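Engineer:
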Amino acid sequence: MDKLLIEGGSKLNGTMRASGAKNSALPILASSLLLEGKLSLSNVPHLKDVTTMIEVLGSMGAEISLDDDMNFEINTSNLNNHIARYELVKTMRASVLVLGPLLAKFGQAEVALPGGCAIGSRPVNLHLESMKKLGAEVVTEGGYIKAKAVNGLKGAEILFDTISVTGTENVLMAAVLAEGKTIIKNAAREPEVSDLIECLCQMGARISGAGTKELLIEGVQELNPTSFKIIPDRIETATYLTAVAMTGGNITIKDSRPDTMESVLDKLREAGAEITTESDSINLKMDSSLKSVDISTAPYPLFPTDMQAQFISLNTIAKGQAKVVETIFENRFMHVQELIRMGGDISLAGNTAIINGNSDALHSAPVMATDLRASASLVLAGLVAKGVTKIDRIYHIDRGYERIEEKLNALGAKIERVSG
Ligand code: UD1
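Its first residue numbered -19, the sequence shown is counted upward by one per residue in the working numbering.
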């Protein structure tokens, strides 16, 4: 199993490019099931989760080709089954994103129930209830969601009592080919949801309200092949900016979308970073001392839960006391125990972490990655810790960060990937 060895203490300087967004690529890959013909995608990140989604599509008979520039072409003309198998779904919850498109296109779907995961029970009840509202019969049997809509899906009004990103995306993909109008109330407003909407509209779907809490979908008979470029990954970008806020230095991230990450940029400024933006690039300079920042996670446009772990790392070495509240997931503090092993002064009470920062707090220790963003927080801690930090189980990080050690080493970090 691969591990990362990180020698802390180097400032990070230079220019890098943001990768395409994982959370946009996954639903857009799933949306290829709705098409008659080919979907061409560029800026797809080279990540384990993307490979898993491709395997899910391939297992249903989709033909996928890839050129040297990582442009994907997915042809779903010859699908031969509508089953997302447990062996694939268990490694990635987002596989549930094929439920909506399969139901819409074929009137049936079997998708393995995703199991528990490190950051809480993460149920799929909202996905299932919405499919029922659109007219599907849904049962869970033998560990599988089995859904049928013999007479096709019918538009409906769907009110989410909890905002769900993939829930909203599943309904969007089901409703685009349903008969009549669907209204989604309390929809997720994440930029990745808007990216999916843009791609679906390019295929000929009729959707209005992108970026707002209410989406209106008017069903169409069929969707057409298209080419689409995935938006930059705001969480990857924000993670690297946070790294430089912690190490000190000067970084420019090109091909990024600062307009999708205002809440994080505001917090980095509050922590003492100097940030300037252009429409597709961000520069961050850090040459003052780091100040602690309170955060509370919430759906977009507020502070993303996917940046909570990285900000706990930042606060361990910042001046002052910080309070970090996690409101989205029930058990998303697995990184805290590992950061404490590295010297962080952190206490937990329910969904709140209190961090007493100290610029010399972190020292190396063998630590273990427990989920994707938790792993990122350990990498950031390793970059500033005294000594060489060994991070085990880094397959989690490969699910969501493209060539992380290569990108950070190009900025001056000292990270080595070792196997065994
Ligand atoms: C997506 C993102 C993930 C991010 C999360 C929150 C993708 C592939 N993943 O995950 O990176 O951390 O949004 O921004 O886009 N819930 C239910 N029932 C459901 C569905 C969700 O109770 O059927 C709850 C969840 O347990 C959680 C909250 O709703 O408490 C939000 O989760 P949701 O937005 O659905 O997360 P994902 O879409 O899985």
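The C-beta atom is built at its ideal place from N, Cα and C for all residues, glycine as well.
Quick caveat: nothing in here was measured; it's all calculated off a predicted structure.
Taking just the CA atoms, how far does PHE313 sit from ASN338?
Structural biologist: 20 Å
Engineer: Cα separation between ASP351 and ARG249?
Structural biologist: 27 Å
Engineer: When you compare the CB positions of VAL156 and ALA64, do they come within less than 9 Å of one another, or not?
Structural biologist: no
Engineer: For the 8 Å Cβ check, are there 3 or more pairs between the region 268 to 285 and the region 197 to 208?
Structural biologist: no
Engineer: Along the chain, where does the beta strand (DSSP E) that runs through ARG397 open and close?
Structural biologist: 394 to 398
Engineer: For HIS107, verify whether its CB is less than 8 Å away from any heavy atom of ligand 1.
Structural biologist: yes
Engineer: Run through the region 49 to 121 for me and flag every whole alpha helix (DSSP H) of 4 or more residues, listed as ranges in chain order.
Structural biologist: The DSSP assignment places 66 to 69, 79 to 86, 105 to 113 as complete runs of the alpha helix (DSSP H) inside the region 49 to 121, in order along the chain (cut-off: 4 residues).
Engineer: May I ask you to list the residues that DSSP assigns as paired with GLU(-13)?
Structural biologist: VAL368, LYS394
Engineer: Nearest to HIS315 by alpha carbon, out of GLU385, LEU360, ALA278?
Structural biologist: LEU360
Engineer: ASN60: buried (16+ other C-beta within 10 angstroms of its C-beta) or exposed?
Structural biologist: exposed
Engineer: Answer with buried or exposed for LEU221, where buried requires no fewer than 16 other C-beta atoms within 10 angstroms of its C-beta.
Structural biologist: buried
Engineer: With a threshold of 8 Å (Cβ to nearest heavy atom), would ILE334 be considered close to ligand 1?
Structural biologist: no
Engineer: Threshold first: 3 residues or longer. Then list the beta strand (DSSP E) segments lying entirely within the region 210 to 246, N to C.
Structural biologist: 229 to 234
Engineer: Report, in whole angstroms, the separation of the C-beta atoms of THR369 and SER344, which I expect to be a contact under 8 Å.
Structural biologist: In this structure THR369 touches SER344 by the C-beta definition: roughly 4 Å separates them, less than 8 Å.
Engineer: Does the region 121 to 130 come into contact with the region -16 to -8, if we say contact requires no fewer than three beta-carbon pairs (one atom in each stretch) closer than 8 Å?
Structural biologist: no
Engineer: Sorted by chain position, which residues of the same chain lie with C-beta nearer than 6 Å to ASN23's C-beta, five sequence neighbours on each side aside?
Structural biologist: So the list reads GLY0, LYS209, ILE210, once near-sequence residues are dropped.
Engineer: Does the beta carbon of ALA155 come closer than 9 Å to any beta carbon on chain C?
Structural biologist: The chain inventory of the structure shown lacks chain C, comprising one protein chain alone.
Engineer: Is it true that the region 6 to 16 meets the region 161 to 177, where meeting means three or more beta-carbon pairs spaced less than 8 Å apart?
Structural biologist: yes
Engineer: Contact check, VAL104 vs VAL78 under 8 Å by CB: the rounded distance?
Structural biologist: Going by Cβ atoms, the distance from VAL104 to VAL78 rounds to 12 Å, so no, they are not a contact pair.
Engineer: Three or more C-beta pairs under 8 Å: does that hold for the region 233 to 245 against the region 42 to 61?
Structural biologist: Counting Cβ pairs under 8 Å, fewer than three are found: no touch.
Engineer: If you drop the 5 nearest sequence neighbours on each side, which residues of the same chain put their C-beta closer than 6 Å to that of ALA251?
Structural biologist: So the list reads ALA225, LEU270, LYS271, VAL273, once near-sequence residues are dropped.
Engineer: Could you have a look at GLY191 and say whether DSSP puts it in helix, strand or coil?
Structural biologist: coil
Engineer: On the three-state DSSP scale, how would you describe GLN201?
Structural biologist: Judged by DSSP in its simplified three-state form, GLN201 adopts coil rather than helix or strand.
Engineer: List the endpoints of the continuous beta strand (DSSP E) containing MET322.
Structural biologist: Where MET322 is concerned, there is no enclosing beta strand (DSSP E), given that its DSSP letter is neither H nor E.
Engineer: Using 9 Å as the threshold, is the C-beta distance between LEU46 and SER12 below it?
Structural biologist: The answer is no: Cβ separation not under 9 Å.
Engineer: Below 9 Å between beta carbons: does that hold for ASN3 and ASP213?
Structural biologist: A contact, by the Cβ cut-off of 9 Å.
Engineer: Does HIS26 come out as helix, strand or coil in the three-state DSSP assignment?
Structural biologist: coil
Engineer: Between the C-alpha atoms of ASP92 and GLY147, what's the straight-line distance to the nearest angstrom?
Structural biologist: A small fix is needed here, since residue 92 is Ala in this sequence, not Asp. Near 16 Å, if we compare the C-alpha coordinates of GLY147 and ALA92.
Engineer: Helix, strand or coil for ILE255, going by three-state DSSP, please let me know.
Structural biologist: strand
Engineer: Tell me whether THR142 sits in a helix, a strand or coil according to DSSP, three-state version.
Structural biologist: coil
Engineer: Taking its Cβ as the centre, do 16 or more other Cβ atoms sit within 10 Å of GLU254, making it buried, or is it exposed?
Structural biologist: exposed
Engineer: My assumption, with CB atoms under 8 Å, is that THR227 sits in contact with LYS(-9). Please give the rounded CB distance.
Structural biologist: Right, the Cβ-Cβ distance comes to about 5 Å (below 8 Å), so this counts as a contact.
Engineer: For VAL347, which residues does DSSP report across the bridge?
Structural biologist: ILE371
Engineer: Can you tell me whether DSSP reads ASN(-7) as helix, strand or coil?
Structural biologist: strand
Engineer: I'd like to confirm something about PHE291: is its beta-carbon nearer than 8 Å to some heavy atom of ligand 1, or not?
Structural biologist: no
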